[in-house]
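**Q** So the sequences go chain by chain: A and B. Sequential numbering of the first sequence, starting at 0, is according to numbering that gives the first Met the number 0. Sequential numbering of the second sequence, starting at 0, is according to numbering that gives the first Met the number 0. Just dropping this structure here.
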Amino acid sequence: MTTLAVALFAAGIAVVLVSGTAALRFRRVYDRLHFLTPGTTLGAPLIGLALGLENGWSLATALILFTCFLLVVTGAVMAAATGRVAAQREGLLARESPE
Amino acid sequence: MNPWLLGTIVLLAGGFPLSLWMASRGSPVDRMVGLELAGVVTTLSMLGFSQAVGQTSYLIVPLVAALLSFAGALVFTRLLAPRG
């Protein structure tokens with residue numbers, strides 16, 4: 000179980016680092032947001048799964064999985080909010096949208 | 000050194016300079032993207048560190064960090080929005 004957990008942990012770290020490096024190569028904020036999304040939607044669950052496998056069914060696992068769930072949900076919301084602000088500042092979107 | 004601590008160091012050493020670089024260049028919205036990456040890297044690093052040292056009580060820190068970085072990002076989007 001430990002080998003699988005460590006492999007998942009390494010995969011999660013690799014996803015976060017690769018997505019960050021890919022985001023750095025692009026200048027437009029939309030491209031950066033696009034390439035950063037896998038870090039939260041794939042990297043965080045992989046790391047949470049790895050730590051959960053290592054700890055077994057326990058309160059610590061529940062807390063780890065809840066934290067990773069928060070990262071997945073809030074990462075998507077933050078990316079959407081950032082993209083919306085960028086579009087408003089560039090005049091691509093109405094200032095009062097979607098209110 | 001156990002694999003959890005090694006992974007945490009790799010994540011922190013590789014991800015944090017990336018986010019600092021992004022957070023220090025470009026327009027304010029570009030910088031905010033770097034700040035969001037820094038929040039994710041920090042939260043995941045603290046999860047790994049808690050596992051590395053075997054202290055489950057430390058898990059409250061990444062939980063609070065995830066919530067606070069989300070709230071902070073929303074505040075920044077509010078402040079960076081153009082005013083009419």
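Glycine included, every Cβ here is placed at the ideal spot set by N, Cα and C. Here the structure is a predicted model, which is why all the values come from computation and not from measurement.
(1) Using a Cβ-Cβ distance cut-off of 7 Å, determine whether B/Leu19 contacts chain A.
(2) Consider the Cβ of A/Thr2: report whether some Cβ of chain B lies at a distance smaller than 7 Å.
(3) Answer with yes or no whether the minimum CB distance from B/Thr55 to chain A is below 7 Å.
(4) Might you give, ordered along the chain, the residues of its own chain that have their beta carbon closer than 6 Å to the beta carbon of B/Thr42, omitting 5 neighbours on each side?
(5) Strictly below 9 Å CB to CB, what residues from chain B border A/Arg88?
(6) How would you write the range of the alpha helix (DSSP H) that A/Leu7 sits in, first residue to last?
(7) Can you tell me which of the three DSSP states B/Gly47 falls into?
(8) In terms of alpha-carbon separation, which member of A/Trp56, A/Leu64 and A/Arg88 lies closest to A/Leu45?
(9) If the criterion is Cβ atoms closer than 7 Å, does the pair A/Ala85 and B/Val28 meet it?
(10) Is the distance from the Cβ of B/Trp3 to the Cβ of B/Gln54 below 7 Å?
(11) Find out if the Cβ-Cβ distance for the pair A/Glu53, A/Ala4 is shorter than 7 Å.
(12) Among B/Val40, B/Phe69 and B/Ala22, which has the Cα closest to the Cα of B/Ala12?
(13) Counting only Cβ-Cβ distances shorter than 8 Å, please list the residues of the segment 72-87 of chain A near chain B, keeping chain order.
(14) From the beta carbon of A/Phe34, is the nearest beta carbon of chain B less than 7 Å away?
**A** Reading from the atomic positions:
(1) No, no contact with chain A.
(2) No, A/Thr2 does not count as interfacial toward chain B.
(3) True, the Cβ-Cβ gap to chain A drops below 7 Å.
(4) Residues of the same chain with a CB within less than 6 Å of the CB of B/Thr42, apart from the 5 flanking positions on each side, are Pro61, Ala64 and Ala65 in chain order.
(5) Listed along chain B, the residues sitting closer than 9 Å to A/Arg88 by beta-carbon distance are Ser26, Pro27, Val28, Leu79, Ala80 and Pro81.
(6) Per DSSP, A/Leu7 belongs to the alpha helix (DSSP H) from Thr1 to Leu23.
(7) B/Gly47 carries a helical assignment under DSSP once its states are collapsed to helix, strand and coil.
(8) Selected option, being the one with the closest Cα: A/Leu64.
(9) A contact, by the Cβ cut-off of 7 Å.
(10) Result no, Cβ atoms of B/Trp3 and B/Gln54 do not sit closer than 7 Å.
(11) It is a contact, given that the beta carbons lie within the stated cut-off.
(12) The residue from B/Val40, B/Phe69 and B/Ala22 with its alpha-carbon nearest to that of B/Ala12 is B/Val40.
(13) Those would be Thr73, Gly74, Val76, Met77, Ala78, Ala80, Thr81, Arg83, Val84, Ala85 and Gln87, in chain order.
(14) Taking Cβ atoms only, chain B never reaches closer than 7 Å to A/Phe34, which makes this a no.
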